[in-house]
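Chains as they are written, first to last, in my numbering: chain A, 47 to 450; chain B, 47 to 450.
Glycine included, each C-beta is placed from N, C-alpha and C at the ideal position.
On a predicted model such as this, the values are computed, not experimentally measured, just so you know.
Working notes for the structure below.
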């Protein structure tokens with residue numbers, strides 16, 4: 047960050063203690079970001095562990111997905127279905143700042159751990175809950191995963207080619223957008239606590255979080271528009287040209303001209319300067335009327351070149367453009383590496399695991415070293431001594447009883 | 047929120063002043079959320095206004111898109127390319143808490159308004175910048191809009207049917223996820239300021255913000271997986287069945303069985319209880335091996351029913367399911383209305399505009415009344431009196447000079 051950092055700045059969340067009951071993607075992304083800001087994040091897992099540990103493989107072995115989302119946290123195994131486990135959690139709440147969970151609609155209440163119970167132990171505690179749907183409305187008790195929310199929030203109907211069925215975004219945008227909304231809600235509650243001295247219950251629903259991303263298609267619908275609900279890679283309002291993904295010699299490249307200046311720059315790059323001012327092509331509204339012809343002209347040019355050459359050329363002359371990268375290309379992308387968004391962390395035995403950097407860049411909050419993802423309960427003993435002052439005998443008893 | 051709200055709670059951001067230079071979607075979503083928390087958001091527009099006002103229509107008329115993202119803000123017109131306009135902004139900075147902008151890579155510096163300049167006027171100011179790419183790396187100076195970021199971050203390669211070309215998510219997920227990340231970064235900086243007394247420069251890049259949503263496909267790639275990069279509406283690892291979008295008599299419905307219990311519940315709903323334990327179908331790994339057959343069985347059942355009937359039935363018996371809603375259906379969805387995520391605001395002349403509620407639900411931060419979206423500079427005079435104490439003559443002079 048080229049900013050005037052206060053010298054000797056400390057991480058923004060240093061000293062905060064987060065009890066992380068969350069699993070899969072929504073909550074763990076939220077708490078990973080908090081750990082990157084210096085919070086002490088304690089990942090509390092049931093005896094079987096976060097399902098993300100085995101989410102993708104039929105073989106039941108732990109996958110890279112867990113490390114991507116859970117580095118920088120410490121691990122505590124705790125069976126909350128046992129009374130002694132619940133009591134340990136409540137004792138931890140007494141010294142903590144935030145509890146994060148994304149269980150199903152009624153799980154926390156069934157465990158006897160709703161906000162009132164936590165607040166009785168610690169009025170400064172912030173309970174943060176991620177859900178599929180909100181607390182009101184006809185769907186409030188329905189099970190919801192990312193695919194469901196994408197379907198009901200209108201993402202599917204707006205994604206794909208008009209001649210094909212609706213299709214989901216290939217990445218779990220409902221989970222992820224809810225995760226960062228939850229982190230924002232916690233951050234606001236921490237700020238508010240500096241004034242009130244009190245914690246509170248904050249909540250986000252995936253369904254609510256995804257809806258505002260529909261603003262453009264919704265606006266078109268509210269304006270009485272008549273274009274198809276999905277337009278492939280074209281502008282959702284079919285009102286901008288060129289705006290598409292074009293074939294190249296080794297795949298595809300996205301190019302768009304939002305302004306006439308972009309179009310003029312593109313014509314120059316294509317060696318077709320004469321097109322820039324030609325009647326029928328000079329303005330966006332003219333080009334949008336002959337979208338197929340414009341796309342054909344651009345395609346004929348792009349098809350003969352590799353995508354990286356075009357990316358550099360168009361980037362340099364001021365045309366918005368970017369290659370469609372494969373997963374293998376994303377992993378090796380020098381931009382991703384330069385920003386530190388994919389990092390390797392050394393784990394015991396010299397093995398290295400890949401994890402994410404944080405998209406939150408704060409000039410006054412220096413980066414913290416990232417520790418490897420915990421095993422299930424890999425820090426249980428240390429945490430129970432450090433946070434609750436338990437003796438070795440007490441810890442052994444809890445372990446024998448299957449509580450930790 | 048069924049929480050123990052502190053009686054007489056005030057909105058979390060009441061008293062904060064946000065100078066909002068942002069445009070289109072990224073910044074305006076961030077500042078709309080802050081306005082819903084009680085911040086005084088002043089939308090500062092150039093003489094021509096935020097391009098979102100005319101973004102979608104060839105006719106150049108203002109669209110519903112602007113109101114969706116800009117209610118709850120006040121409007122100040124300011125020409126920052128004029129020295130007097132820049133000086134007015136700096137005077138406002140002296141009494142403000144946050145400045146938000148999502149200009150191109152070098153615009154703020156060219157205007158002479160980078161963080162150091164602002165901090166000289168007010169060391170408590172937080173400058174929040176949204177960008178396409180981060181400050182490091184080979185793409186840092188390239189123009190980037192949502193489509194570019196989706197392409198280069200791997201969203202296109204993972205979206206669509208395997209037999210078709212890559213396709214974008216139909217909603218601008220790069221813009222929107224960056225907008226909420228920026229809001230989270232501001233919230234952290236406001237918290238940190240309560241300790242340090244100092245502001246800072248915070249920044250997010252759309253590219254960085256979108257990458258963590260790739261965790262599942264990236265993990266599959268890191269684990270050495272061999273499934274196709276895009277799998278339509280099936281599980282991205284082809285490891286869960288049923289997991290798809292199925293035809294119904296009036297469209298499509300998404301159904302998945304993440305656990306064997308979900309599968310048993312689904313078999314019961316289909317009137318095919320005998321399938322639940324049949325060898326070859328009883329466990330997810332067996333079902334994933336005969337995915338086509340499982341999908342055929344589910345499709346034959348769904349095809350005879352309307353989607354709302356199946357949604358209610360499956361929701362009630364505990365199977366994750368949701369209908370693929372059209373835009374018209376989303377607008378009328380009782381769940382959306384019950385949660386207040388689409389609201390109508392009365393504007394002058396009895397006209398009503400549609401806007402979003404906030405997905406951030408804070409038990410101790412009561413909702414604030416939502417005012418209509420501002421016109422370009424519709425509050426200029428009032429704001430210059432209220433914030434800077436200008437006289438009517440001074441305001442008229444600035445107006446005549448085209449500064450406001």
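- Query: Between residue 252 of chain A and residue 230 of chain A, which are expected to be in contact by the criterion C-beta below 8 Å, what is the C-beta distance as a whole number of angstroms?
  - Reply: By 1-based counting over the first chain, the position of residue 252 of chain A is 206. By 1-based counting over the first chain, the position of residue 230 of chain A is 184. The Cβ separation is near 14 Å, so there is no contact.
- On the premise that residue 88 of chain B lies in contact with residue 4 of chain B, defined as a C-beta separation below 8 Å, what is that separation, rounded to the nearest angstrom? Any property of residue 4 of chain B remains undetermined from this structure, which presents chain B solely from 47 to 450.
- Reducing DSSP to helix, strand and coil, say where residue 112 of chain B ends up. Against the second chain, residue 112 of chain B aligns to sequence position 66. Helix at residue 112 of chain B.
- Message: I'd like to check one pair, residue 60 of chain B with residue 94 of chain B: are the Cβ atoms closer than 9 Å?
- Response: Within the second chain, numbered from 1, the residue matching residue 94 of chain B stands at position 48. Within the second chain, numbered from 1, the residue matching residue 60 of chain B stands at position 14. In this structure, residue 60 of chain B does not lie closer than 9 Å to residue 94 of chain B by Cβ.
- Query: Checking contacts by CB at 9 Å: is residue 152 of chain B closer than that to chain A?
  - Reply: The count along the second chain starts at 1 and reaches residue 152 of chain B at position 106. For residue 152 of chain B, the nearest beta carbon of chain A is not closer than 9 Å to its own beta carbon.
- Under 9 Å between C-beta atoms, does residue 55 of chain B make it to chain A? The residue given as residue 55 of chain B occupies position 9 in the second chain. Answer yes: the Cβ-Cβ gap between residue 55 of chain B and chain A drops below 9 Å somewhere.
- Message: Determine, for residue 275 of chain B, whether the minimum Cβ-Cβ distance to residues of chain A falls below 9 Å.
- Response: Taking the second chain and counting its residues from 1, one reaches residue 275 of chain B at position 229. Judged by the 9 Å Cβ criterion, residue 275 of chain B is in contact with chain A.
- Query: Measuring CA to CA, which of B:191, B:66, B:398 is closest to residue 178 of chain B?
  - Reply: Taking the second chain and counting its residues from 1, the one referred to as residue 178 of chain B is at position 132. Per the Cα distances, B:191.
- Message: According to DSSP, is residue 329 of chain A part of a helix, a strand, or is it coil?
- Response: If you number the first chain from 1, residue 329 of chain A lands on position 283. The DSSP-derived three-state label of residue 329 of chain A is coil.
- Task: Taking residue 274 of chain B as the reference, give the member of B:203, B:232, B:306 with the closest Cα.
- Result: The residue given as residue 274 of chain B occupies position 228 in the second chain. Distance check between residue 274 of chain B and each of B:203, B:232, B:306 places B:203 closest, using alpha-carbon atoms only.
- Thinking C-beta only, is residue 370 of chain A closer than 9 Å to residue 46 of chain A? The question about residue 46 of chain A has no answer, for chain A in this structure spans 47 to 450.
- Query: Would residue 353 of chain A be called buried (16 or more neighbouring beta carbons within 10 Å of its own) or exposed?
  - Reply: Numbered from its first residue, the first chain carries residue 353 of chain A at position 307. By the 10 Å Cβ count, residue 353 of chain A comes out buried.
- Task: Would you decide whether residue 91 of chain B is buried or exposed? Buried here means 16 or more other CB atoms lie within 10 Å of its CB.
- Result: For the purposes of this step, residue 91 of chain B is taken as residue 45 along the second chain, with counting starting at 1. Counting Cβ neighbours within 10 Å, residue 91 of chain B comes out buried, since at least 16 surround it.
- Query: If we cut at 9 Å on Cβ distances, does residue 240 of chain A have a partner in chain B?
  - Reply: Numbered from its first residue, the first chain carries residue 240 of chain A at position 194. Chain B contact via Cβ: present.
- Closer than 8 Å: residue 264 of chain A CB and nearest the ligand SAM heavy atom: With respect to the ligand SAM, the structure offers nothing, as it holds no ligand at all.
- Task: Verify whether the separation of the beta carbon atoms of residue 295 of chain B and residue 374 of chain B is less than 9 Å.
- Result: Here residue 295 of chain B is taken as the residue at index 249 of the second chain, counted from 1. Here residue 374 of chain B is taken as the residue at index 328 of the second chain, counted from 1. In terms of Cβ geometry, residue 295 of chain B and residue 374 of chain B do not form a close pair [threshold 9 Å].
- Per DSSP, residue 175 of chain B is paired with what? Against the second chain, residue 175 of chain B aligns to sequence position 129. According to DSSP, which records beta bridges pairwise, residue 175 of chain B is partnered with B:147, B:249.
- Task: Please list the partners that residue 191 of chain B has in chain A, where partner means a Cβ-to-Cβ separation under 8 Å.
- Result: In the second chain, residue 191 of chain B corresponds to position 145, counting from 1. The contacting residues are 302, 304, 366.
- Task: Kindly list the residues whose CB is nearer than 7 Å to the CB of residue 386 of chain B, restricted to its own chain and excluding five residues on each side of it in sequence; keep chain order.
- Result: Working through the second chain from its first residue, we reach residue 386 of chain B at position 340. These residues qualify, in order along the chain: 403.
- From A:240, A:396, A:182, A:412, residue whose alpha carbon lies closest to that of residue 418 of chain A: For the purposes of this step, residue 418 of chain A is identified with residue 372 of the first chain, where counting begins at 1. Considering only alpha carbons, the answer is A:396.
- Message: Going by beta-carbon coordinates alone, are residue 217 of chain A and residue 205 of chain A separated by less than 9 Å?
- Response: Here residue 217 of chain A refers to the residue found at position 171 of the first chain. Here residue 205 of chain A refers to the residue found at position 159 of the first chain. Judged by beta-carbon spacing, residue 205 of chain A lies beyond the 9 Å limit of residue 217 of chain A, meaning their Cβ atoms are not closer than that value.
- Query: Distance, Cα to Cα, residue 257 of chain A vs residue 226 of chain A?
  - Reply: By one-based count along the first chain, residue 257 of chain A stands at place 211. By one-based count along the first chain, residue 226 of chain A stands at place 180. Approximately 15 Å between the Cα atoms of the pair.
- CB of residue 98 of chain B within 9 Å of CB of residue 126 of chain B, strictly: Taking the second chain and counting its residues from 1, the one referred to as residue 98 of chain B is at position 52. Taking the second chain and counting its residues from 1, the one referred to as residue 126 of chain B is at position 80. Result no, Cβ atoms of residue 98 of chain B and residue 126 of chain B do not sit closer than 9 Å.
- Determine the contact status of residue 164 of chain B and residue 132 of chain B, defining contact as a CB-CB distance below 9 Å. In the second chain, the residue the question calls residue 164 of chain B occupies position 118. In the second chain, the residue the question calls residue 132 of chain B occupies position 86. No. Outside cutoff.
- Task: With a 10 Å radius around its C-beta and 16 neighbouring C-beta atoms as the bar for buried, classify residue 380 of chain A as buried or exposed.
- Result: Taking the first residue of the first chain as 1, we reach residue 380 of chain A at position 334. In summary, residue 380 of chain A is exposed, with fewer than 16 beta-carbon neighbours lying within 10 Å of its beta-carbon over all protein chains present.
- Task: For residue 309 of chain A, I'd like the list of residues in its chain whose CB is within less than 6 Å of its CB, leaving aside the five on either flank, ordered along the chain.
- Result: On the first chain, residue 309 of chain A is found 263 positions in, with the first residue counted as 1. If we look at residue 309 of chain A and ignore the five residues flanking it on each side, its Cβ neighbours are 303.
- Task: For residue 53 of chain A, count neighbouring Cβ atoms within 10 angstroms of its own Cβ and tell me buried if that reaches 16, exposed if not.
- Result: Within the first chain, numbered from 1, the residue matching residue 53 of chain A stands at position 7. Low confidence applies here, because residue 53 of chain A scores a pLDDT of 44, under 50, leaving its location unreliable and the question unanswered by this model.
- Message: For residue 444 of chain A and residue 435 of chain A, what's the separation of their Cα atoms in angstroms?
- Response: Counting from 1 along the first chain, the entry for residue 444 of chain A is found at position 398. Counting from 1 along the first chain, the entry for residue 435 of chain A is found at position 389. CA-to-CA, the gap between residue 444 of chain A and residue 435 of chain A works out to about 14 Å.
- Residue range of the beta strand (DSSP E) that residue 401 of chain B falls in? Position 355 of the second chain, counted from the start, is the residue given in the question as residue 401 of chain B. Under the DSSP assignment, residue 401 of chain B falls in the beta strand (DSSP E) whose first and last residues are 398-402.
- Do residue 139 of chain B and residue 145 of chain B have their C-beta atoms closer together than 9 Å? Within the second chain, the letter at position 93 stands for residue 139 of chain B. Within the second chain, the letter at position 99 stands for residue 145 of chain B. One thing to note: residue 139 of chain B has its Cβ within 9 Å of the Cβ of residue 145 of chain B.
- Task: For the beta strand (DSSP E) containing residue 289 of chain B, list its first residue and its last residue.
- Result: Position 243 of the second chain, counted from the first residue, corresponds to residue 289 of chain B. Residue 289 of chain B -> beta strand (DSSP E) spans 289-294.
- Query: When burial is assigned at 16 or more other CB atoms within 10 Å of the CB, is residue 437 of chain B buried or exposed?
  - Reply: Numbered from 1 along the second chain, position 391 holds the residue referred to as residue 437 of chain B. Exposed, since its Cβ has fewer than 16 Cβ neighbours within 10 Å.
- Just the Cα atoms here: how many angstroms apart are residue 399 of chain A and residue 389 of chain A? In the first chain, counting from the first residue as 1, residue 399 of chain A sits at position 353. In the first chain, counting from the first residue as 1, residue 389 of chain A sits at position 343. Whole-angstrom Cα-Cα distance: 8 Å.
- Message: So, with DSSP's three-state summary, where would you put residue 89 of chain B?
- Response: Numbered from its first residue, the second chain carries residue 89 of chain B at position 43. DSSP, read as helix, strand or coil, puts residue 89 of chain B in strand.
- residue 420 of chain B burial status per 10 Å Cβ neighbour count (16 or more: buried): Start at 1 with the first residue of the second chain, and residue 420 of chain B comes out as number 374. The residue in question, residue 420 of chain B, is buried, as its Cβ has 16 or more Cβ neighbours within 10 Å.
- Message: Strictly below 7 Å CB to CB, what residues from chain B border residue 214 of chain A?
- Response: The residue labelled residue 214 of chain A in the question sits at position 168 within the first chain. Within chain B, the residues near residue 214 of chain A are 279.
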